[in-house]
Amino acid sequence: MPADKFTPFLGPLDLLVLQPTPFCNLDCSYCYLPDRDSKKKMAPAVLERIFERVFSSSLVRGQFTVVWHAGEPMVLPIGFYQDALRIIAKYNGANGRDHAAVTHSIQTNGVLIDREWCDFIERNQISIGVSIDGPDFLHDTFRKTRRGAGTHRRVMNGIRLLNEHEIPFHVISVLTGESLDYPDELYDFYVENEIHQLGFNVEEVEGPHQKSSLQAGEIFERYVRFMSRFFDLVNQGGFEIQMREFGSTIAAVLQAARDEVPLSHETAPFGIVSVDCDGNFSTFSPELLGLSSPHYGDFALGNVERDSFESAVSSSKFLAMSRDIAEGIRRCQATCEYFRFCGGGAPVNKYFENGSFASTETMFCRLTRKAMVDVILEKLDRPALDAAAKS
Amino acid sequence: MELEAGVRIRVAPRFHARLAWQDRILLNSGVSASGPAFFPRHDWRPASALEAAMLIDASVSGQSTEALTLLGIPAHLRAKWWSLAGQQEDSPSGAEFHGLDEFARELAAYASFKRWQLPSDCKLQVIASRPGQSSTRVDTASSELQGLDFNCAPFATPGAQEAANSPRAIAGFNLGDEATSLVWLNLSTAQVRERVGYSGPRNDSDAADSGTALAHRFFAALADYPLVRIVLEPGEGYLLPEGGAVCDGYTVGKREVDVMLLLIPAPTRRSG
Chain B
1 MPADKFTPFL GPLDLLVLQP TPFCNLDCSY CYLPDRDSKK KMAPAVLERI
51 FERVFSSSLV RGQFTVVWHA GEPMVLPIGF YQDALRIIAK YNGANGRDHA
101 AVTHSIQTNG VLIDREWCDF IERNQISIGV SIDGPDFLHD TFRKTRRGAG
151 THRRVMNGIR LLNEHEIPFH VISVLTGESL DYPDELYDFY VENEIHQLGF
201 NVEEVEGPHQ KSSLQAGEIF ERYVRFMSRF FDLVNQGGFE IQMREFGSTI
251 AAVLQAARDE VPLSHETAPF GIVSVDCDGN FSTFSPELLG LSSPHYGDFA
301 LGNVERDSFE SAVSSSKFLA MSRDIAEGIR RCQATCEYFR FCGGGAPVNK
351 YFENGSFAST ETMFCRLTRK AMVDVILEKL DRPALDAAAK S
Chain L
1001 MELEAGVRIR VAPRFHARLA WQDRILLNSG VSASGPAFFP RHDWRPASAL
1051 EAAMLIDASV SGQSTEALTL LGIPAHLRAK WWSLAGQQED SPSGAEFHGL
1101 DEFARELAAY ASFKRWQLPS DCKLQVIASR PGQSSTRVDT ASSELQGLDF
1151 NCAPFATPGA QEAANSPRAI AGFNLGDEAT SLVWLNLSTA QVRERVGYSG
1201 PRNDSDAADS GTALAHRFFA ALADYPLVRI VLEPGEGYLL PEGGAVCDGY
1251 TVGKREVDVM LLLIPAPTRR SG
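See below:
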């Protein structure tokens, strides 16, 4: 499809997820990245082309966030990111377009954080997310070096440096079957290390990671108990923790009370754009890029070297993915009583758990949507919700 | 004397014990008598592989009422206790300990999450002991250390225990910031009775002291039987087997005041 016929409902771009290298210096046992041994890195020309494409596209409307992610972004030198910032400055607002507010975020395993990185992060006001699964006995079970050693001590060193530099950061902790027994210990860990912003991911079934400890029996009940207990701890303690899942679920519940269905970022075409180190790009769930399937082949929709984002919309792969994802949402809407809190789920989980985008319930949605809604509805009393919905 | 197989130590389900067994469990060569009381000798050594195998139950299948169970309270509960204690310091002597009920509820909620079978109806008692003591039992009248004794005495009726100020704690938690120790005889009540041929009090009025009598008969007869010292890190604690146990606190080697939170079952729980 020519660019001038670009469908205006695509986007706006919210997250630009860039994978500067597939390489990761760690070998976490629940990792879904198939190429984390590869030391390829994004060439300057690819970087240049990405931002040229992004800023000349109609996807950019106002503001978006560049997320440097997958493999480990900090294995590349700081100079790589200095170049990236220069390139962004060059194209942002060029050719008479409006200047977009671009924020940067790095999701890191934390072991390579040093003073030089802290200075760079501070200078450029980059948002930092550190992956740490709580205390060492939980973290080191899964998050290991390539020689199989635990990484907790090294991550904690990185967190100590961030705290010393007074750099705000958030933490993402992956919940496994084991960690569901330890809400108090996790809470103590966040308090002790002054971690105020937190997100819980679940150990997902994606790509090469085909079995999760969260697929065991009674996990739903255990997950609800965990979240219920953690909610109580956060709300009774004197230490402020902004927990992503509590915030987003409360927002969804309030939206539902106003008869609004929340939009799932991962199902909105080109709301999220992911680009790998070779310039291949995709949309929908960021994890799709780099994975492959018998049905679609890889999930790349084009390459910035030769394709605009707009042109990918007419590709048969995009059309098939869009159609199937939309069908999955329709089925969720028709069959799931939680649809009004969710909006249709995450395509990557549907595909890798159920074998099709055109499917409904996943382990991921049972835990991160249904269980969370159950917990929040139990914790918040109905009149308070109604009052909040009206305000 | 050599250690005999008896009651074992187990880690409570859903509790992560940081300390390795070799650093947690020490043995000695028995007791020394001082007047009527018995105190552990100080010649502590690591457990041999055979002793460790006899003492440690590595099973993770769940809590057992026949084992001594290692468990613990989280740091935020410990912090809450100290915060309450700090507020109490500003109150007049003898004033009600405000916030203790809420603390007890939070402790119960935590234990409930962990699915630990703590007594459902119990009193909380906090015992502060000086460092360097080979016992943390103090005779309230004489201020003398009482030494090793039965907790949850095997014969005493609840009423008699109350009257005699008999030690009744079934669980304890280290509230301090420094490790403490529990000294423990790894034999069950039945084993202790069998070794000394003591079948119990002759009448009800003796019942309150019968646990003490049994423990003292054992140590008088078998002074060289090794005792087990269990190191409890800050926040860690123990839950005694349901049949009671001979044990005592031990603060030798500590630098700070020892503060233990004890759980004492309501009198109706045990019937002797």
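The listed protein sequences correspond, in order, to chains B and L. Going left to right, the first sequence walks through residues 1 to 391 as our numbering numbers them. Going left to right, the second sequence walks through residues 1001 to 1272 as our numbering numbers them. For glycine and all other residues, C-beta sits at the position ideal for the given N, C-alpha and C.
If residue i sits next to residue j, beta carbons under 8 Å apart, how far is it from one beta carbon to the other, in whole angstroms?
i                   : j                   : result
Phe-1103 of chain L : Leu-1118 of chain L : At roughly 14 Å, the Cβ-Cβ gap does not stay under 8 Å, so Phe-1103 of chain L and Leu-1118 of chain L are not in contact.
Glu-192 of chain B  : Ala-1075 of chain L : 7 Å
Phe-352 of chain B  : Phe-309 of chain B  : With a Cβ gap of about 25 Å, Phe-352 of chain B and Phe-309 of chain B do not count as contacting.
Asp-1258 of chain L : Gly-1249 of chain L : 7 Å
Phe-1039 of chain L : Ser-1135 of chain L : 6 Å
Cys-365 of chain B  : Asn-349 of chain B  : 7 Å
Asn-109 of chain B  : Val-155 of chain B  : 7 Å
Ile-1009 of chain L : Ile-1056 of chain L : 6 Å
Ala-101 of chain B  : Phe-55 of chain B   : 13 Å between Cβ atoms; not a contact.
Glu-1236 of chain L : Leu-1070 of chain L : 7 Å
Which residues does DSSP list as the beta-bridge partners of residue i?
i                   : result
Val-1259 of chain L : L:Ala-1128
Thr-283 of chain B  : B:Val-273
Lys-1123 of chain L : L:Ile-1264
Arg-1010 of chain L : L:Asp-1057, L:Thr-1069
Asn-25 of chain B   : According to DSSP, which records beta bridges pairwise, Asn-25 of chain B is partnered with nothing at all.
Gln-242 of chain B  : B:Gln-197
Trp-68 of chain B   : B:Leu-18, B:Ile-106
My output table needs one value for residue i: the three-state DSSP class, helix, strand or coil.
i                   : result
Glu-1004 of chain L : coil
Pro-347 of chain B  : helix
His-1098 of chain L : coil
Trp-1184 of chain L : strand
Arg-1043 of chain L : Looking at the sequence itself, residue 1043 of chain L is Asp, so the reference to Arg does not match. Three-state DSSP puts Asp-1043 of chain L in coil, outside helix and strand.
Pro-20 of chain B   : coil
Tyr-1110 of chain L : helix
Thr-249 of chain B  : helix
Asn-303 of chain B  : strand
Tyr-1250 of chain L : strand
Gly-177 of chain B  : coil
Lys-317 of chain B  : helix
Thr-1065 of chain L : coil
Lys-379 of chain B  : helix
Thr-108 of chain B  : strand
Trp-1082 of chain L : helix
His-209 of chain B  : strand
Ile-167 of chain B  : coil
Ser-311 of chain B  : helix
Asp-133 of chain B  : coil
Leu-10 of chain B   : coil
Ser-1029 of chain L : coil
Phe-142 of chain B  : helix
Ser-322 of chain B  : helix
Arg-1229 of chain L : strand
Val-261 of chain B  : coil
Ser-1210 of chain L : helix
Between which two residues does the alpha helix (DSSP H) holding residue i run?
i                   : result
Asp-119 of chain B  : 115–124
Pro-44 of chain B   : 44–56
Asn-235 of chain B  : 219–236
Val-1192 of chain L : 1189–1196
Phe-35 of chain B   : As written in the sequence, residue 35 of chain B is Asp, which differs from the Phe given in the question. Neither: Asp-35 of chain B is in no alpha helix (DSSP H) and is coded neither H nor E.
Val-60 of chain B   : Here Val-60 of chain B belongs to no alpha helix (DSSP H), and DSSP marks it neither H nor E.
Asp-188 of chain B  : 183–192
Arg-85 of chain B   : It should be noted that the sequence gives Leu, not Arg, for residue 85 of chain B. Looking at the DSSP string, the run of the alpha helix (DSSP H) that includes Leu-85 of chain B is 78–91.
Trp-1021 of chain L : 1021–1024
Arg-147 of chain B  : Where Arg-147 of chain B is concerned, there is no enclosing alpha helix (DSSP H), given that its DSSP letter is neither H nor E.
Arg-340 of chain B  : 339–342
Taking the continuous beta strand (DSSP E) assigned at residue i, which residues delimit it?
i                   : result
Leu-198 of chain B  : 197–202
Ala-1223 of chain L : Looking at the DSSP string, Ala-1223 of chain L is not in any beta strand (DSSP E), and its letter there is neither H nor E.
Leu-1239 of chain L : 1236–1239
Phe-1283 of chain L : A query on residue 1283 of chain L cannot be resolved here, the shown segment of chain L reaching from 1001 to 1272 and no further.
Asp-1149 of chain L : 1149–1151
Does the contact criterion of 3 or more C-beta pairs under 8 Å hold for the region 29–42 of chain B versus the region 247–256 of chain B?
no
Say whether the region 1216–1234 of chain L touches the region 1014–1031 of chain L, bearing in mind that this needs 3 or more beta-carbon pairs closer than 8 Å, one atom from each stretch.
yes
Given 8 Å, three or more beta-carbon pairs between the region 159–172 of chain B and the region 136–146 of chain B
no
Three CB pairs or more closer than 8 Å across the region 259–277 of chain B and the region 340–357 of chain B
yes
Can at least three beta-carbon pairs, one atom from the region 42–53 of chain B and one from the region 78–88 of chain B, be found at a separation below 8 Å?
yes
Hey, is the region 1045–1057 of chain L in contact with the region 168–175 of chain B, meaning 3+ C-beta pairs nearer than 8 Å?
no
Kindly confirm or deny that the region 1103–1117 of chain L and the region 1227–1237 of chain L touch, where touching means at least three C-beta pairs closer than 8 Å.
no
Between the region 283–298 of chain B and the region 317–332 of chain B, are three or more C-beta pairs nearer than 8 Å?
yes
For the 8 Å Cβ check, are there 3 or more pairs between the region 228–235 of chain B and the region 204–214 of chain B?
no
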